[in-house]
Every structure is written in structure tokens, then in C-alpha cells.
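Chains as they are written, first to last, in my numbering: chain A, 675 to 1093; chain B, 6 to 103.
Even glycine gets a Cβ: it sits at the ideal position worked out from N, Cα and C.
Notes to accompany the following structure.
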Amino acid sequence: MSETKGINRVVITGLGVVSPLGCSVEMFWSELLAGKSGITTITDIDLSNCRTRVGARVAGYDARHFFSARDLNRLSLTSQFALVAASQALALSNLDPGQCNPWSVGVILGGSSGGFVAAEPVIESFSKDRIITNPLIIPTAMNNAPASNISIRYGFRGPVMTIDAACASSAHAIGYAFKLIRSGALPIVVTGGVDSSFSPAIFHGWSSLRTLSERNEAPATACRPFSQDRDGLVLGEGAGILILESESSAQERGAVILAEVTGYGATSDGYHLTQPGIEGISEAMQMALVDANLTANDIDCINAHATATLWNDKVETAAIKQTFGPRAKQIPVVGIKGAIGHSIAASGALGLISAVLSIRDSVVPPTINLKIPDPECDLDYVPEGARSCHPKHVMINSFAFGGSNAVLIASRYETKKQS
Amino acid sequence: MNGVVELDCDCKRERMNVMTREDLLEIINSLISQETKIPVENLTLAASFKDLGIDSLDVLKLAARFEREFNIKISTAELQKIETISDIVTRLGARITN
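Rendered as C-alpha cells:
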């Protein structure tokens, strides 16, 4: 490889998706563009005592189609999702693990709740009987297991780790991978995120924070980003995996370059565990612009965090206005969680994948379920349906409980960078 | 948990009293298969765990299952010496059938 310290361009050559809209990139994308919702009534965990009974579970997934009974012995649901999405991303990238230097490929994922979910049945049973029903609960349920399982399956021996910044985990993981490649430390990283929140205690825990939509009677329209009648987020799950690599690595392999990652900004609010703050978010956007050597005038589209909580959507809108000034109202701002729910640690990766596909296909997906304008959310959220446009630079926002903010910028790949 | 060995305690004791080495092997292989998902027909007495694809994590699952099913204790030192199904029969057989 011919990486040079400090100046490598970082390109995206592979994508993989396991989502409530389907278990392939193209299914996810076509359903997203069609304005479909993956949110349904949850029936496979006991929520009879819960205010919320709607969620966005992964659709069309049959573990037996991908894994042997022996594999499943030690793969949590999130490890399975990550492996399935990684296999798609590696195939699209045409990256043959047997043909590359194993030390040159890292695996850096975001993960947050999936471990709790995997551990919960064992803990529940232990609390009753004082017996560990699965002796492998620690290596199976640990939050870094999905990344490690990718590394083990494909023999990748660069750094393997998992970043936990709650809902911003995968955006930070991708940002870190981007920095490693750009600096010349590593040519290829399998990155992204995976998560699930579907266990009784975790789901009830979210509900007790009064952050979840309680629109149980209308699952498909329960999550309403930026709409005045929004009443909270809807929990989702899934995996979004990307192959990031240096431009020279992609060129040497003859890989098709889908887009380029050009900027990453990261800040914290530093004042509250659950309430977002305008300054921290705006500063992260500004940092990402500077990192990408762009200005506010260069951004053509924003893939918003847009959880559909009262606070997030108005604070995010205010932060966009603070960052972009009067131009904010001219930028399409899309929120895809109305369709796929909030997949927590996977959400940033799925947002970036959506942005890459917008760049590839010159179209942005709609923000669904936005029927009643909110005076505090007064930007162009693309509520009418998918819209043709030709974005060159897309900003992807990802914010988290704990006050962690991550902003990525994906750009159309052009052979010679224009100044 | 994956399946439950189809022996209740009284029945198990009764069978243990008249258990032959073949009976014991059948039960052990059944438990190994349940825990590892390796078909019983592939489990031969002399084959090493390595050849069978049984790794250290599988051995931990097997130890927990044997301890629970047979109400025995397997020390960590003892566990480290078990490398074949034959080792299980030799080292644990007397305790399992007593």
C-alpha cells in the first residue's frame, strides 16, 4: 500500500445493512425512498405492562439462513447482525480477506445496548436460581463481541475495538476509522455499528425515561421527526457496516469507490446526561466542516439525528440554524428514524449509508410522518416524499445521551480534489 | 439453554446403578452434542477435541453442563486435562455413575 502519513483521502467501497426495512442495502434504500415504515407492534417480548408497545425490529431476518446451530451457540443477536452486514459490505467492496495483508485491516464498530440485551435472560435466570445458564455469557454478550467476531471470521488482524457513545457510537467509530486511515496508520477498516434494545428490561428502561412514542395504535406513523405532534422516539435495531479505505488502497485493488469521507467533528455538551445542547452540536458541525476543508455554503444536504423527541428535534434545528445561518432553510434536512426507528449505536452508520446512497443515486429520502409543522422546527425536512437532488457534500448528525456529539461529512468522490 | 437431557433425577439414579460404559458414553455424547451442536455420530471415543473442533469455550460449556446434570464438581485443574471424550469417561465416569 502507498499510504502517506497525514494526507490520505478516505473512500467508501463497501456497504452492508441489516435493518427494519430489510436485510440488504438495496432493500433498505428502496423502502426508505418509498417512504415505508419498518415500525410495528412488538409481540415477541412481554410489553403488556409497558406504556410503549411499538418498535422497529429487523425485518426479513432468519438466523438459520446465515448461521449453523453451532455458530449460533456463541453469537448474540448483534454479533449476527454485524456479521451479516459485514459479509454484504466485503462482497460489495470486492475485498477478499484471503488476498489482503491481514494486519492491514482493522475492525472498529459502535455498540451500546446489544450486550445488555444478550445478557438479560441469563441475569434474570441467575437472579432466581443462582445458576449461570450460559457459561459463555461474558464473551457472547460483551459489547465488543460483534467487532471481534468479524475479525475472527475473516482473519483481520489490525486493531479491533468497539466504541460506546450510546446513540452516537457508530458515528464516532467511523470518525475514528477515518482518522486512522487519513493519518496513514491503517489502509482499511471495517467500520459502522450494530445494536438492539429489544429485551424486556432495556425496553422498559427506555420507556421509564419517557422518551418513547406511546402511539401504540398507529405503529407505522408513531415516529414523527420534526412534526409538532411528535411524542418520542421509537426503538429500533440493526447493523450498518462500511468498508473505509485509503484512496490508494482502493485504486490498487480496483475497487469501485462509492463516496468519500471528508470530515469528522466530535464534541460533548458537558452539562446533562440526557438533554442535548445547541452549542455542543453546532460546534461539532463546525469542526466537521473545518476538518473537511469546507464551509457552510458547501453542504447540500443534512442527514439529521432527528429522533422525534421534543428536545432533540428543536435543539438540532436551532444548532443547524446557528451553524448555517440564513442558508439553513435552503438545505434539505432528512430524518430517517420515522422509517427505521432509533437503532442507537447503529443509527449513525445507517445515516451515513443513506447519505452515500443519496450521493450515488442523486436522490434524498423523505422525512416521513411530518404532517404538522412546528414553529421551532422550520427547515426544509423533505416531508413530501423522496426528492431528486445532486448532493456533493452531505452532513450526517449523530448525538447521544451523555452529551456526545458526532458529525460526519460524506462527499461525492472525484478523482482530483477541487480546491 | 439448548435442550434438556431427558432424564429426571430418580430415573437417572436408577439407570446409573446399572449403567454400563456404553450407557455412560451414550449420555456423555448426547450432552456433548446438545452443547456443541456436533452430530453424535461424529463423536468418537478417541478423537481429540481439537480434531472434533471442540475448543476451550466448548469445554467450559460442557463442564457446566456435566456439573449441573450429574451434581458433581470439576476442578479447573482437572478441566485443563480433558482433551478427548475418553478423558471424560476416565476422569469423570466414576463420579458420574456413583
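Use the C-beta contact count for residue i: other C-beta atoms within 10 angstroms, 16 or more gives buried, fewer gives exposed.
i	result
Pro-1040/A	buried
Thr-717/A	exposed
Asn-775/A	exposed
Ala-1080/A	buried
Trp-777/A	exposed
Glu-700/A	exposed
Tyr-945/A	exposed
Ser-1078/A	buried
Arg-904/A	buried
Asn-103/B	exposed
Asp-838/A	buried
Leu-883/A	exposed
Gly-867/A	buried
Lys-802/A	exposed
Ala-82/B	exposed
Distance check for residue j and residue i, CA to CA, integer angstroms please.
i	j	result
Glu-926/A	Phe-998/A	38 angstroms
Gly-734/A	Gly-785/A	22 angstroms
Ser-1062/A	Cys-975/A	12 angstroms
Arg-744/A	Ile-33/B	18 angstroms
Pro-795/A	Asn-823/A	21 angstroms
Glu-891/A	Ser-870/A	23 angstroms
Thr-1089/A	Asn-977/A	25 angstroms
Leu-1053/A	Pro-874/A	37 angstroms
Leu-48/B	Ala-913/A	37 angstroms
Ile-1070/A	Ala-962/A	10 angstroms
Ile-719/A	Ile-876/A	11 angstroms
Lys-60/B	Tyr-850/A	As written in the sequence, residue 60/B is Asp, which differs from the Lys given in the question. In a straight line, the C-alpha of Asp-60/B is about 34 angstroms away from that of Tyr-850/A.
Ala-52/B	Ser-35/B	16 angstroms
Ile-1018/A	Pro-813/A	22 angstroms
Gly-879/A	Ser-844/A	22 angstroms
Ala-765/A	Gly-688/A	7 angstroms
Ile-686/A	Trp-703/A	17 angstroms
Glu-11/B	Phe-75/B	At Glu-11/B, the pLDDT of 47 sits below 50, so the modelled position is not reliable; the number obtained from the coordinates is stated separately. Near 13 angstroms, if we compare the C-alpha coordinates of Phe-75/B and Glu-11/B.
Ser-752/A	Arg-26/B	For the sequence presented, residue 752/A should be read as Thr rather than Ser. Their backbone Cα atoms lie some 42 angstroms apart in a straight line.
Ile-642/A	Phe-852/A	Absent from the structure is residue 642/A, since the part of chain A shown begins at 675 and ends at 1093.
Ile-805/A	Ala-929/A	51 angstroms
Glu-957/A	Asp-63/B	49 angstroms
Ala-645/A	Gly-1022/A	With chain A covering only 675 through 1093, there is no way to say anything about residue 645/A.
Val-692/A	Arg-100/B	48 angstroms
Leu-968/A	Ser-887/A	37 angstroms
Gly-1012/A	Ile-782/A	27 angstroms
Pro-694/A	Phe-755/A	12 angstroms
Val-1038/A	Glu-72/B	58 angstroms
Pro-1057/A	Ile-1005/A	13 angstroms
Ala-1020/A	Ala-69/B	34 angstroms
Ser-901/A	Asp-943/A	25 angstroms
Lys-1003/A	Leu-810/A	52 angstroms
Leu-916/A	Val-758/A	12 angstroms
Opposite residue i in the DSSP bridges: which residues?
i	result
Ile-915/A	Gly-690/A and Gly-866/A
Ile-1083/A	Gly-937/A and Met-1069/A
Val-1037/A	Ser-1062/A
Val-1008/A	Asn-977/A
Asp-1048/A	Cys-1051/A
Val-834/A	Val-781/A
Arg-909/A	Here residue 909/A turns out to be Leu, not Arg, going by the sequence shown. Per DSSP, His-1016/A.
Ala-730/A	Gly-910/A
Thr-89/B	Ser-53/B
Val-684/A	Ser-920/A and Val-935/A
Thr-715/A	Val-728/A
Leu-886/A	Leu-907/A
Ser-942/A	Ser-1078/A
Gly-696/A	Ser-693/A
Ser-901/A	Pro-1047/A
Which two residues bound the contiguous beta strand (DSSP E) that contains residue i?
i	result
His-1067/A	1067–1074
Leu-783/A	779–784
List the endpoints of the continuous alpha helix (DSSP H) containing residue i.
i	result
Leu-30/B	26–41
Ile-952/A	952–965
Lys-55/B	54–57
Gly-1077/A	Neither: Gly-1077/A is in no alpha helix (DSSP H) and is coded neither H nor E.
Ile-1097/A	In the structure as shown, chain A starts at 675 and stops at 1093, and residue 1097/A therefore has no counterpart that could be examined.
Gly-788/A	788–803
Tyr-1095/A	With chain A represented from 675 up to 1093, any question about residue 1095/A goes unanswered, as that position is not in the structure.
Lys-66/B	61–75
Ser-767/A	751–767
Pro-813/A	811–815
Leu-746/A	743–746
What whole-angstrom Cβ distance do residue i and residue j have, given they're in contact under 8 angstroms?
i	j	result
Ala-793/A	Ala-815/A	4 angstroms
Glu-911/A	Val-732/A	6 angstroms
Asn-655/A	Lys-42/B	One cannot answer for residue 655/A here, as it falls past the ends of chain A, which runs 675 to 1093.
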